[in-house]
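Participant: The sequence shown runs 1 to 219 under full-length UniProt numbering. Beta carbons: idealized from backbone N, C-alpha and C, even for Gly. As the structure is a prediction and not an experimental result, all values here were calculated from the model. Okay, handing you the structure first.
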Amino acid sequence: MQTDTYRHKGMRRALVKQLRDKGIRDARVLAAIETVPRHFFFDKAFLEQAYQDKAFPIGEGQTISQPYTVAFQSELLRLRPTDKVLEIGTGSGYQCTVLLQITPNVYTIEYNRPLYEKARLFFRKHNLKPHTFHGDGSQGLPAYAPYDKIIVTAGAPIVPKELLRQLSIGGILVIPVGDEKLQKMLRITRVEENEFTKEEFSDFKFVPLLGRSGWSGAE
Ligand code: SAM
Numbered sequence: 001m002q003t004d005t006y007r008h009k010g011m012r013r014a015l016v017k018q019l020r021d022k023g024i025r026d027a028r029v030l031a032a033i034e035t036v037p038r039h040f041f042f043d044k045a046f047l048e049q050a051y052q053d054k055a056f057p058i059g060e061g062q063t064i065s066q067p068y069t070v071a072f073q074s075e076l077l078r079l080r081p082t083d084k085v086l087e088i089g090t091g092s093g094y095q096c097t098v099l100l101q102i103t104p105n106v107y108t109i110e111y112n113r114p115l116y117e118k119a120r121l122f123f124r125k126h127n128l129k130p131h132t133f134h135g136d137g138s139q140g141l142p143a144y145a146p147y148d149k150i151i152v153t154a155g156a157p158i159v160p161k162e163l164l165r166q167l168s169i170g171g172i173l174v175i176p177v178g179d180e181k182l183q184k185m186l187r188i189t190r191v192e193e194n195e196f197t198k199e200e201f202s203d204f205k206f207v208p209l210l211g212r213s214g215w216s217g218a219e
């Protein structure tokens, strides 16, 4: 059984200070990161890495995102406790667990079967209750749409139209878009049924979004 000691809590406080120093301001996001034991998502051999502001391999060629990236994307979402959120790319389940500290209504979809199974077990073990799905999240999750917020945690070649369609009016999509090496973080807001605004932020480096509107489907 993993434990969350004063030492871990201290390391989290130090991490949150770093994130604040790097410009993260959303109090809900900072509190969520201070609450979630990131070391629970790491194998014992790598516990020391858990509170560094770095991405880390989680197997299957995938990564747990850097804490700054998790904080930055979460802040861009302008999360509220009543939001229904869709996360694309469950991975380790860390970002999802951060989201769950802010709203109980989180849907998350993962393409890689072993990672999906592992995350599901993790959620069950820790009594967390996101709605988990296995499948191609580049098409969103139309059965449960609309969503107030959609977060994509893998780098996309384009903004998938399906995701725009699944946003509620006033809803926000945060998605890194670019080539396979570097992506620009975008925030797209659905202002009206057929009106969207787009804001561009800095560059990030994500593992590729796969699937129909991802790298395996795009030309
Ligand atoms: N949010 C994760 C976390 O907190 O650990 C990090 C995600 S990792 C950077 C990107 C994830 O997106 C990988 O687990 C990958 O398998 C998944 N992925 C890639 N393409 C996908 C798709 N089309 N649908 C759903 N998940 C996808």
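Please indicate yes or no: does the CB of S65 lie closer than 7 angstroms to some heavy atom of ligand 1?
Facilitator: Yes - ligand 1 has a heavy atom lying nearer than 7 angstroms to the Cβ of S65.
Participant: Taking a contact to mean a Cβ-Cβ separation below 8 angstroms, would you say L186 touches E200 in this structure?
Facilitator: Yes, these two residues count as a Cβ contact at 8 angstroms.
Participant: To the nearest angstrom, how far is it from the Cα of G91 to the Cα of I109?
Facilitator: In a straight line, the C-alpha of G91 is about 9 angstroms away from that of I109.
Participant: Where in the region 53-117 do unbroken runs of the alpha helix (DSSP H), each at least 4 residues long, occur, reported from the N-terminal end onward?
Facilitator: Runs found: 67-76, 94-100.
Participant: Contact defined as beta carbons within less than 8 angstroms: I believe E162 pairs with G140. What is the distance between those atoms, to the nearest angstrom?
Facilitator: Yes, they are in contact, since the Cβ atoms of E162 and G140 sit about 5 angstroms apart, within 8 angstroms.
Participant: From L15, T153, V159, pick the residue whose C-alpha is nearest to that of F206; which is it?
Facilitator: That would be T153, whose Cα lies nearest to the Cα of F206.
Participant: Could you please give me the residues that DSSP links to T189 through a beta bridge?
Facilitator: According to DSSP, which records beta bridges pairwise, T189 is partnered with I172, T197.
Participant: Could you tell me if K181 is buried or exposed, where buried requires 16 or more neighbouring beta carbons within 10 angstroms of its beta carbon?
Facilitator: With fewer than 16 other Cβ atoms within 10 Å, it is exposed.
Participant: Excluding five sequence neighbours on each side, which residues of the same chain lie with their C-beta closer than 7 angstroms to the C-beta of I64?
Facilitator: If we look at I64 and ignore the five residues flanking it on each side, its Cβ neighbours are F41, A55, F56, I58, G91, S92, Y94.
Participant: Under 8 angstroms: do the region 163-176 and the region 143-152 share three or more Cβ pairs, one atom per stretch?
Facilitator: Segments in contact, yes.
Participant: From R113, D136, D53, pick the residue whose C-alpha is nearest to that of G214; which is it?
Facilitator: It is D136 whose Cα lies nearest to the Cα of G214.
Participant: Could you check the C-alpha separation between S138 and S216 for me, to the nearest Å?
Facilitator: Distance between the alpha carbons of S138 and S216 is about 10 angstroms.
Participant: Does the Cβ of Y68 lie closer than 7 angstroms to at least one heavy atom of ligand 1?
Facilitator: Result no, Cβ not under 7 angstroms from ligand 1.
Participant: Suppose you measure from the CA of I188 to the CA of T197; what does that come to, to the nearest Å?
Facilitator: Rounded to whole angstroms, I188 to T197 spans 6 angstroms at the Cα level.
Participant: What are the partner residues of V177, as DSSP defines its beta bridges?
Facilitator: DSSP lists A156, K184 as partners of V177.
Participant: Rounded to whole angstroms, what's the CA-CA distance from V16 to A32? Just pull it up for me.
Facilitator: Looking at the two C-alpha atoms, the distance is approximately 10 angstroms.
Participant: Could you name the residues that DSSP lists as bridge partners for P208?
Facilitator: DSSP lists G155 as partners of P208.
Participant: Within the chosen definition, does the region 41-51 reach the region 68-80 through at least 3 CB pairs nearer than 8 angstroms?
Facilitator: Counting Cβ pairs under 8 angstroms, fewer than three are found: no touch.
Participant: Could you pull the start and end residues of the beta strand (DSSP E) that H126 belongs to?
Facilitator: Careful: H126 lies outside any beta strand (DSSP E) and carries neither H nor E.
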